[in-house]
Structures are given as C-alpha cells and as structure tokens.
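Student: One structure coming up, written as structure tokens, with questions to follow.
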Amino acid sequence: MDKIIVEGGKRLRGTIPISGAKNAALTLIPCALLTDEPLTLRNLPRLADIDGFQHLMNQFGVTTVIQGSRPEDFGRVMTLEATRITGTVAPYDLVRKMRASILVLGPMLARMGQAKVSLPGGCAIGNRPIDLHLKALAAFGAVIEIAAGYVAAHAPDGGLPGGEFDFPVVSVGATENALMAAVLASGTCRLFNAAREPEIVDLCNLLVAMGAQIEGIGTSDLTIHGVPRLHGATYKVMADRIEAGSYACAAAITGGEVLLQGASFEEMASTIHALRNIGVHAKAEAGGVRVSADGKLQAVNLTTAPYPGLATDMQAQLMALLTVAEGTSVLNETIFENRYMHVPELNRMGAHIETSGRTAIVHGVGKLTGAEVMATDLRASMSLVIAGLAAEGQTEVRRLYHLDRGYERLEEKLALVGAQVERVGDE
Ligand code: EPZ
1000 MDKIIVEGGK
1010 RLRGTIPISG
1020 AKNAALTLIP
1030 CALLTDEPLT
1040 LRNLPRLADI
1050 DGFQHLMNQF
1060 GVTTVIQGSR
1070 PEDFGRVMTL
1080 EATRITGTVA
1090 PYDLVRKMRA
1100 SILVLGPMLA
1110 RMGQAKVSLP
1120 GGCAIGNRPI
1130 DLHLKALAAF
1140 GAVIEIAAGY
1150 VAAHAPDGGL
1160 PGGEFDFPVV
1170 SVGATENALM
1180 AAVLASGTCR
1190 LFNAAREPEI
1200 VDLCNLLVAM
1210 GAQIEGIGTS
1220 DLTIHGVPRL
1230 HGATYKVMAD
1240 RIEAGSYACA
1250 AAITGGEVLL
1260 QGASFEEMAS
1270 TIHALRNIGV
1280 HAKAEAGGVR
1290 VSADGKLQAV
1300 NLTTAPYPGL
1310 ATDMQAQLMA
1320 LLTVAEGTSV
1330 LNETIFENRY
1340 MHVPELNRMG
1350 AHIETSGRTA
1360 IVHGVGKLTG
1370 AEVMATDLRA
1380 SMSLVIAGLA
1390 AEGQTEVRRL
1400 YHLDRGYERL
1410 EEKLALVGAQ
1420 VERVGDE
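To get this note's numbering, take the position in the sequence shown, counting from 1, and add 999.
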C-alpha cells in the first residue's frame, strides 16, 4: 500500500486544475443504462471509483470506450453504450468494493423492468442504510424484495406506474436512484424533500439532455413525467466542489494563495462562507475561485447540513484548518454518525480536539508537528494531508487507497503549487 510523505511549511502558490466531480460522475455513469444509444461523458476524473463503476457497467454488457486522453491530461472522455444489456445483477464482490454501485438499481429497473443489487454494507463513516432508496422506488410502483443479502426490484408489466414520495430525511443517493427510475415510468413521479445538491442538478440536466421531462430542478420538489424512451447525449461532468474546497483549506492552512481552476463559486458557497468567517479570502475569478490567507485564522462554529448547508464532505478538511485557528471551534456533524475518525490522528499531530457524539470541540493550537498517521476514510485522509502541509517536519499518511478514491493525482496537483509531497510504496 502506498503512502504520502508531506514536508510541512511550504506556502502553496499557483493554480490547481479542479477535476470533474466524483459524486456527479458516479450517478451520471449509470444513466447509460437508460438508453440503447451512446452516452458520452466528458471531464470524468481519473479515480479508482470511476474505474470500478466502468467495470460494473461492463458486467451488464455495456461497452465503454475511453477517448483521446493522454496520461498527463485531466478530464477523461468515456462513451458508454448499453445497446444490449446482458445482465441485471450487481454482484456482492463488486458492490462491497464500491457502495455507489447501488445507483444501478433505479436505472436498471427503469430500463429492464427488474434489477438485483447486493446490499451495500456500511462503511467507516456510518452504516449507510438504503431504506429510503427502496421506499421511493416502491412508492413509484416497484415490487421490492430483500433476500440472501440482495435487494431485488421488479416493475409491473408496462413499467413503473408512478406515484409520490416525501423523504423523511434528505438523501442524495436515494434521490438519484428515484430520479433514474422515474424518467422511464409509464406515469408521473413526484419527490418531496428531495436532495438539492449540485450533483443532483447535474444528474437532472443530463437526464433532460437525454429527453427526460423533469420539473423543479434545483428545488426539493421534483416532478418527473415518464417518457417511453431516452436518447443518447454528450455531457460534461460538473467540477468537483469538494475537491476544490479541500484544496482551498490546503492553501489557507499554509497561508498561501491558489487559483482553483474550473471551480464554481456558487456551488462552493457554503464552504466559502465558512472559510471567510475563518478569515480566508475567496473570490470568483475568470474560470475559477481564488483563495488566499495571511496566516491569521479565527475559530468558528460549523454545522453540516444538506445543500445548500455546509457539506458533510467538507467537515474533516475544515476541522484540519481550525486546529491552528485562534480560539475554540465547535463542529456539529448532523449527517453521518461516525465521521470523526480523523480526530485521533490530528491529535497525534499536536491538535487539541475533543469529541462527544456528533460534536467536536477544536481548541486552536500554535502549531502542528508532523507524524505517521493513518487514513481511515476518504475525507479524513485529506484532512491529514492538509494538516501535514502546515505541520513542522514530515507527515506520513498511510493507506492512500482511501485518498485515491476521491482525489485525482493529489501529489501532482499539490506539487503544482509548491508543496513538497512524495508518494512512496509502503514497505
Ligand atoms: C452521498 O452519499 C455522497 N456519496 C457522500 O459523499 C456524501 O457525504 C453524502 O451524499 C451526503 O452529502 C456519493 O454521492 C457517491 P445520503 P449518500 O443518502 O447518497 C441516511 C464522499 O466523501 N440515509 O445523502 O450515501 C444516511 O445514513 C462521500 O464523497 C438513510 O437513512 O448519502 C445519512 O445519515 C461520503 N437511508 C443521510 O441519510 C437511506 O436510504 C445522508 O445520506 C439513505 C441515506
């Protein structure tokens, strides 16, 4: 297993190209199942999870062609073609490696009238149930069965009749599955209290480009009028607002100045609001967002919430920044039940953080000290890299496979702005 060695103390300066959004790509790729025509996705990030989803699609007989991208380029182009679907089962050994595989349930059900997906287990940050995915599909008329670790969904002959579902809890994945099931329904489907994340808007925009009829895009009330078929499309994946927010924290903690090329100021609004309260400067600039800090950081209180609130995926990275802010910050993680595993590792670097349930109290310290630390989940591992960039001495972050799931060529991008980082194989 690889590890990254970070030499702290370098101010980051320059431009970082922001990749296509992992959490948009993972819901756009299964849309290929909804048509027998080619779907071309541009600006795909080069990430382990994207490769994993490509492999899963191939299992269903979907052809996938990667076009015209040199190794050094960012933003891959992939054309997927589901002319003939040869299988409707997503097996355990693939789903267990990538829980986003559950997002084939809705589109496969819509296209084939049936789908069977291994129940995704939990993960480090929580048990991640899928009850809302299944309730939404059932509300649209699907018959759902759970047996032997699999969920099987069937549509009545003639397709899903339609219906409505009011989400008791905002769920990004369940909203995505419901949307992809609804677009080919024989009736109309309505969702209330649906997720409004930019990745959901990206999904709706792709589906409309494929011929779907969706009203209320960008709001929490969505109406989908089913259509008999969808056609192919070419679509550019949105920029990764979480990757951009992560590098904004990296620039800020080093007292540097970085242009996040391709980032969307609007989509990063809640992160930018938090950063500005901490004392970080951020402004929209041609083609991106410029972030800078002059070293004096202030403690703030943060609570994660569904969009447009502060993204839970930014909590660990902002916490790393707050470890060296002046004063005491209180963080409240309202989305996942176990998303503080970066805390003991940050404390080993000299941070002073206490947690109780979903609350973390971050007492700002004067400095961090490099240490050997362990990544436990995707965003936690990025928070350790961010801390390492400011720490005195060397920080070794192990179990990089977590990072590689969500950050394309991280060490290359950090080196572009002057960080001293090196990836080495673990002995
Ligand atoms: C998506 O996960 C993202 N993943 C997560 O990003 C992100 O943290 C999360 O949305 C919240 O924004 C992808 O898009 C691939 P949810 P998802 O359904 O869809 C509960 C990252 O770091 N819930 O919105 O799984 C759930 O337990 C990853 O990039 C149910 O109770 O999140 C959680 O408490 C991590 N029943 C809350 O809802 C369900 O059926 C929000 O989960 C579904 C969810």
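In this text, a Cβ means the ideal position worked out from N, Cα and C, and glycines have one as well. Since this is a predicted model, take the numbers as computed values, not measurements.
Between residue 1325 and the ligand EPZ, is the CB less than 7 Å from at least one heavy atom?
Tutor: No, the Cβ of residue 1325 stays beyond 7 Å of every heavy atom of the ligand EPZ.
Student: Could you tell me which residues DSSP puts in a beta bridge with residue 1041?
Tutor: Residue 1041 is bridged to 1235.
Student: Would you mind stating whether residue 1241 and residue 1310 have Cβ atoms separated by less than 8 Å?
Tutor: Closer than 8 Å, so yes.
Student: Tell me, which residues are paired with residue 1132 by DSSP?
Tutor: Looking at the DSSP assignment, residue 1132 forms no beta bridge with any residue, so it has no partner.
Student: Do residue 1015 and residue 1259 have their C-beta atoms within less than 8 Å of each other?
Tutor: Yes, the Cβ-Cβ distance between residue 1015 and residue 1259 is below 8 Å.
Student: Residue 1168: beta carbon under 7 Å from a heavy atom of the ligand EPZ?
Tutor: Flag set: Cβ of residue 1168 near the ligand EPZ.
Student: Could you give the C-beta distance for residue 1071 and residue 1393, rounded to a whole number, given that I count them as a contact under 8 Å?
Tutor: At roughly 28 Å, the Cβ-Cβ gap does not stay under 8 Å, so residue 1071 and residue 1393 are not in contact.
Student: Can you find the residues in the same chain that come closer than 6 Å, C-beta to C-beta, to residue 948, ignoring five residues on each side of it along the sequence?
Tutor: Outside the shown range of the chain, which is 1000 to 1426, sits residue 948, and nothing can be said about it.
Student: Roughly how far, in whole angstroms, is the beta-carbon of residue 1269 from the beta-carbon of residue 1307, given that I think they are within contact range, below 8 Å?
Tutor: The pair is a contact, with the Cβ atoms about 6 Å apart (cut-off 8 Å).
Student: What do you reckon, are the CB atoms on residue 1262 and residue 1320 nearer than 8 Å?
Tutor: It is not a contact, given that the beta carbons lie outside the stated cut-off.
Student: Where residue 1368 and residue 1390 are concerned, what is the direct C-alpha to C-alpha distance, given to the nearest angstrom?
Tutor: Going from the Cα of residue 1368 to the Cα of residue 1390 covers about 5 Å.
Student: Considering only residues of the same chain and omitting the five flanking positions on each side of residue 1295, which have a CB-CB separation below 6 Å?
Tutor: Answer for residue 1295: 1278, listed in chain order.
Student: Measuring CB to CB, does residue 1212 end up less than 8 Å from residue 1200?
Tutor: No, the pair does not count as a contact, with Cβ atoms beyond the cut-off.
Student: Is there at least one Cβ from chain B nearer than 8 Å to residue 1087's Cβ?
Tutor: Judged by its chain identifiers, the structure shown contains no chain B, having just a single protein chain.
Student: Leaving out the 5 sequence neighbours to the left and right, which residues in its chain are closer than 8 Å to residue 1419 when beta-carbon positions are compared?
Tutor: Excluding sequence neighbours, residue 1419 sits near 1005, 1006, 1009.
Student: Return the residue from the list 1173, 1365, 1371, 1040 that minimises the CA-CA distance to residue 1344.
Tutor: When only C-alpha atoms are compared, the closest one is 1371.
Student: For the putative contact between residue 1166 and residue 1131, defined by C-beta atoms under 8 Å, what is the C-beta separation to the nearest angstrom?
Tutor: About 6 Å separates the two Cβ atoms, so the contact holds.
Student: Buried or exposed for residue 1400, going by 16 or more other Cβ atoms inside 10 Å?
Tutor: Exposed: under 16 other Cβ atoms inside 10 Å.
Student: Going by Cα to Cα distance, which pick from 1217, 1038, 1181, 1405 is closest to residue 1108?
Tutor: For the residues 1217, 1038, 1181, 1405, the minimum Cα distance to residue 1108 belongs to 1181.
Student: On the premise that residue 1033 lies in contact with residue 1110, defined as a C-beta separation below 8 Å, what is that separation, rounded to the nearest angstrom?
Tutor: Right, their Cβ atoms sit about 6 Å apart.
Student: List the DSSP bridge partners of residue 1149.
Tutor: According to DSSP, which records beta bridges pairwise, residue 1149 is partnered with 1117, 1146.
Student: Assuming the contact rule is C-beta atoms closer than 8 Å, residue 1061 and residue 1080 should be a hit. Round their C-beta distance to whole Å, please.
Tutor: Contact holds; Cβ gap of about 7 Å.
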